[in-house]
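So the structure is just underneath, and the comments pick up after that.
Protein chains: 2
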Amino acid sequence: MIQDRRKEILDAGLAILREQGLAGLTQPRVAARTGLRQSHLTYYYPTRADLLAAVARAAISAQQAAAKSLGEGVASVDQCATKMANGVMRHENTRVLAALNQAADQEPAVRAMFNELTEGFVTELGTLLGSLGLPTTPAGVDLLHAVFVGLSIIELATSRPNGKERSKAAFKLAFEAISGEEP
Amino acid sequence: MIQDRRKEILDAGLAILREQGLAGLTQPRVAARTGLRQSHLTYYYPTRADLLAAVARAAISAQQAAAKSLGEGVASVDQCATKMANGVMRHENTRVLAALNQAADQEPAVRAMFNELTEGFVTELGTLLGSLGLPTTPAGVDLLHAVFVGLSIIELATSRPNGKERSKAAFKLAFEAISGEEP
DNA sequence: GTCTATAGATAGATAGAC
DNA sequence: GTCTATCTATCTATAGAC
Chain A
280 MIQDRRKEIL DAGLAILREQ GLAGLTQPRV AARTGLRQSH LTYYYPTRAD
330 LLAAVARAAI SAQQAAAKSL GEGVASVDQC ATKMANGVMR HENTRVLAAL
380 NQAADQEPAV RAMFNELTEG FVTELGTLLG SLGLPTTPAG VDLLHAVFVG
430 LSIIELATSR PNGKERSKAA FKLAFEAISG EEP
Chain B
280 MIQDRRKEIL DAGLAILREQ GLAGLTQPRV AARTGLRQSH LTYYYPTRAD
330 LLAAVARAAI SAQQAAAKSL GEGVASVDQC ATKMANGVMR HENTRVLAAL
380 NQAADQEPAV RAMFNELTEG FVTELGTLLG SLGLPTTPAG VDLLHAVFVG
430 LSIIELATSR PNGKERSKAA FKLAFEAISG EEP
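Protein chains in written order, with our numbering: chain A, 280 to 462; chain B, 280 to 462.
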């Protein structure tokens, strides 16, 4: 396949984003991981911005796919809180999202993609609330979204003990607030 | 004063952190902003890690001072939600916190400082809840903390319209959940 | 179309002058 | 103690070989 090389490059870029964050995404490192020369990499992606945009696109697609499975098989609020707390503890995933967030702060092209991802996640949270039998309001969805993002970031930076349990308790509290809302 | 030069360097570093984030904090840029040669900067801070640690220390002190004034003159939940939503919209402040967070993910020394900052902020949120007449529980404080961090990050990356209003609504919902808790 | 040698730009660290 | 010239490493981009 003629596109295999490009796929290899993007896979290498994603792995680096997971392990080292945005600062690690340099042409030499991606090239080394793919077994290419740096000057060869620039044939496929002429500038660093091109490479970043392509890797960001791939990363966001992967995140969107993962978001789709958020609401699968959730029966109770407690179970859902557990599932979301598990998501918070996936530090490598948080590192990718933090890298995208950072890139979005600088590159308008990445910002547009990031906004798209955010909208999709918010939509997914809305359907999740619906399947739990909870009212779906903009404020409720925003709250859940913010709690997820906030806890993920806090856990990544602090690595405090009982992170998972604390996260679950915070989620349950958020769900309580949402359940009391007018639909 | 003999320490003036060091203070100038840290001020320059802080300004760069505000405007460009962690990636912008390089020896040449900090030196240029201070009017020094890069090789002179290394006299005061021999390695980049030394510079980063010192700037992080200064940034965290400033954040701690700002956190102290969080609970000042808050009478109602609505007013408090407004105040916190305003905090969320201070993107330059968020950029500094994001930079510290990032640095904490890599440098253990910064991580320790960041944990200290987090603990202080959590304590401050606890007293804030108390002065609002709301019950103070670990889960409630964690929830409020996570919402603040999450909204700040989301707003920085997306710059969505009505960000302030949406944030305020999310905060009010969080406060409602907390007010229903057993102390 | 695919790939490489090489140049150019930027960051970080060290030895040594004053 | 204060400051600089200089070296090394790393990253990015381009011209050109096959």
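Even glycine gets a Cβ: it sits at the ideal position worked out from N, Cα and C.
Inter-residue CB distance, residue i and residue j (contact presumed, cutoff 8 Å)
i: Leu435/B; j: Thr373/B; result: 5 Å
i: Arg284/A; j: Ile295/A; result: The Cβ separation is near 17 Å, so there is no contact.
i: Ala449/A; j: Val420/A; result: Actually they do not touch by this definition, with Cβ atoms about 16 Å apart.
i: Glu455/B; j: Pro414/B; result: With a Cβ gap of about 12 Å, Glu455/B and Pro414/B do not count as contacting.
i: Gly429/A; j: Val428/B; result: 4 Å
Chain-ordered chain B contacts of residue i [CB-CB under 9 Å]
i: Asp357/A; result: Residues of chain B passing the Cβ test: none, with the nearest at roughly 14 Å.
i: Leu293/A; result: Within 9 Å Cβ-Cβ: nothing; Leu293/A doesn't reach chain B, min ~18 Å.
i: Ala360/A; result: Within chain B, no residue comes near Ala360/A; the closest Cβ sits about 11 Å away, beyond 9 Å.
i: Leu435/A; result: Asn380, Ala383, Asp384
Proximal residues to residue i (C-beta, below 7 Å), its chain only, five neighbours per side dropped
i: Phe400/B; result: Ala346, His424
i: Arg308/A; result: Ile295
i: Leu396/A; result: Ile339, Gln342, Gln343
i: Lys447/B; result: Ala360, Thr361, Ala364
i: Leu411/B; result: Val353, Val356, Cys359
i: Ala291/B; result: Val309, Arg312, Thr313
i: Leu304/A; result: Gly292, Ile295, Leu296, Leu331, Val334
Inter-residue Cα distance where the pair is residue i and residue j
i: Gly314/B; j: Leu379/B; result: 25 Å
i: Ile339/B; j: Gly352/A; result: 43 Å
i: Ser318/A; j: Lys286/A; result: 18 Å
i: Ile433/A; j: Ala391/B; result: 13 Å
i: Gln299/A; j: Leu331/A; result: 14 Å
i: Lys451/A; j: Asp357/A; result: 7 Å
i: Ala310/A; j: Tyr324/A; result: 11 Å
i: Glu386/B; j: Arg297/B; result: 19 Å
i: Gly459/A; j: Gly459/B; result: 10 Å
i: Ile288/B; j: Ala453/A; result: 43 Å
i: Glu444/A; j: Glu398/A; result: 28 Å
Neighbour list for residue i in chain B, Cβ cutoff strictly below 7 Å
i: Ile432/A; result: Asn380, Val428, Ile432
Chain A residues whose Cβ lies nearer than 8 Å to that of residue i
i: Glu455/B; result: Ala456, Gly459
i: Leu422/B; result: Val426, Ala449, Leu452, Ala453
8 Å CB neighbourhood of residue i in its chain, flanking five on each side removed
i: Leu293/B; result: Val334, Ala337, Ala338, Ala341, Val375
i: Glu403/A; result: Ala346, Lys347, Leu349, Gly350
i: Thr416/A; result: Ile457, Glu460, Glu461, Pro462
i: Leu408/A; result: Pro414, Thr415, Gly419, Val420, Leu423, Ile457
Cβ-based neighbour list, residue i, same chain, cut-off 6 Å, excluding 5 preceding and 5 following
i: Ser431/B; result: Val367, Thr373
i: Gln306/A; result: Gln317, Leu320
i: Ile457/B; result: Leu413, Gly419
i: Thr406/B; result: Gly350
i: Phe393/A; result: Leu379, Ala383
i: His370/B; result: Leu435
i: Gln381/B; result: Leu301
i: Val389/A; result: Ala335, Ala382, Ala383
i: Ala377/A; result: none
Within chain A, partners of residue i - CB distance below 9 Å
i: Arg445/B; result: Pro417, Ala418, Asp421
(request) Note down, in chain order, all residues in the stretch 300-323 of chain B with a beta-carbon under 9 Å from any beta-carbon belonging to chain A. (result) Gly300, Leu301, Ala302
(request) Check each residue of the stretch 390-413 of chain A: if its Cβ is closer than 8 Å to any Cβ of chain B, include it; give the result in chain order. (result) Arg390, Phe393, Asn394, Thr397
(request) Give the residues from the stretch 323-343 of chain A that approach chain B closer than 8 Å (Cβ to any Cβ), ordered along the chain. (result) Under the 8 Å Cβ criterion, the stretch 323-343 of chain A contributes no residue.
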